[in-house]
Amino acid sequence: MAYILLYIDDIILTGSTDALRRSIMDLLGSEFAMKDLGPLNYFMGIAVNRHKGGLFLSQRKYAEEIIDRAGMSSCKPSFTPVDTKSKVSDTSGPLYEDPTLYCSLAGALQYLTFTIPNTSYVVQQVCLHMHAPREDHMHALKCIVRYIQGTIDYGLHLYPSSVTDLISYTDAD
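Numbering (my numbering), first residue to last: 238 to 410.
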């Protein structure tokens, strides 16, 4: 069994045996100019660390960039991603002064959910307001950023599985 992940001109290839991986590399190499960069360490902002039982994926560097972009590098960390005392609606409060920054941060937080999936719901909630963000929405987004600051070393542990179903995802039109 082999897995091939493609993104533009970057390829991750892994296989059940080294011989299978080399065979696929040779086939691809006969058609395309390729360079083997060795074991995977970093891909699309995601650090990959091997441990005894599997892999640990994290986006610490990317999270730090988000925190800096939000101007919150010295913020007080939070251990919950949402302010449970406030309710946010589409029309609550004045419009946020920099909707481009809001959208940029919301999109960046959405990418961060790959390795911090427990933020998926709250990030989805701030993304609902990207068309007309308000001050209250930015406050909610900043709560998430403070949570990221407090949990910056969190990530996703992946372990081997015996499931052999083929699952494919694509974002092509």
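From the three backbone atoms N, C-alpha and C, an ideal C-beta is built for every residue, glycine too.
Computed from a prediction, not measured in an experiment: that's the story for all the values here.
Within its chain, find whatever has a CB closer than 8 Å to the CB of residue i; leave out the 5 residues flanking it on each side and keep chain order.
| i | result |
| --- | --- |
| Tyr279 | Val285 |
| Ser341 | Arg306 |
| Ser253 | Met238 and Ala239 |
Could you spell out where the beta strand (DSSP E) holding residue i opens and where it closes?
| i | result |
| --- | --- |
| Val285 | Ile283 to His288 |
| Tyr244 | Ala239 to Tyr244 |
| Ile249 | Asp247 to Gly252 |
| Leu393 | Leu393 to Leu395 |
Can you give me the start and stop residues for the alpha helix (DSSP H) that residue i sits inside?
| i | result |
| --- | --- |
| His376 | Glu372 to Gly387 |
| Ala343 | Pro336 to Leu349 |
| Leu265 | Asp255 to Glu268 |
| Ala300 | Arg297 to Arg306 |
| Tyr358 | Ser357 to Cys364 |
Just to confirm my understanding: we take residue i, look at its own chain, exclude 5 residues before and 5 after, and list those with CB closer than 7 Å. What are they?
| i | result |
| --- | --- |
| Leu265 | Met271 |
| Val359 | Pro318, Val319 and Ile381 |
| Thr350 | Thr356, Ser357 and Val360 |
Determine whether the beta carbon atoms of residue i and residue j lie at a separation below 8 Å.
| i | j | result |
| --- | --- | --- |
| Ala345 | Cys364 | no |
| Leu242 | Ile249 | yes |
| Tyr339 | Met281 | no |
| Gly392 | Leu294 | yes |
| Val325 | Ala377 | yes |
| Ser329 | Asp273 | no |
| Ile385 | Ile261 | no |
| Gly387 | Ser315 | yes |
Which whole-angstrom value describes the C-beta separation of residue i and residue j, a residue pair presumed to lie in contact below a C-beta threshold of 8 Å?
| i | j | result |
| --- | --- | --- |
| Lys313 | Arg383 | 7 Å |
| Tyr231 | Gly291 | Residue 231 is absent from the structure shown; the chain starts at 238 and stops at 410. |
| Arg287 | Ile389 | Between Ile389 and Arg287 the Cβ distance is about 21 Å, and since that is not below 8 Å, they are no contact. |
Decide if residue i is buried, meaning its Cβ has at least 16 other Cβ atoms within 10 Å, or exposed.
| i | result |
| --- | --- |
| His366 | buried |
| Tyr299 | buried |
| Leu332 | exposed |
| Thr352 | buried |
| Ile283 | buried |
Please work out which residues of its chain come closer than 6 Å, Cβ to Cβ, to residue i, disregarding the five sequence neighbours upstream and downstream, and give them in chain order.
| i | result |
| --- | --- |
| Ser370 | A small fix is needed here, since residue 370 is Pro in this sequence, not Ser. The residues are Tyr333, Pro336 and Tyr339. |
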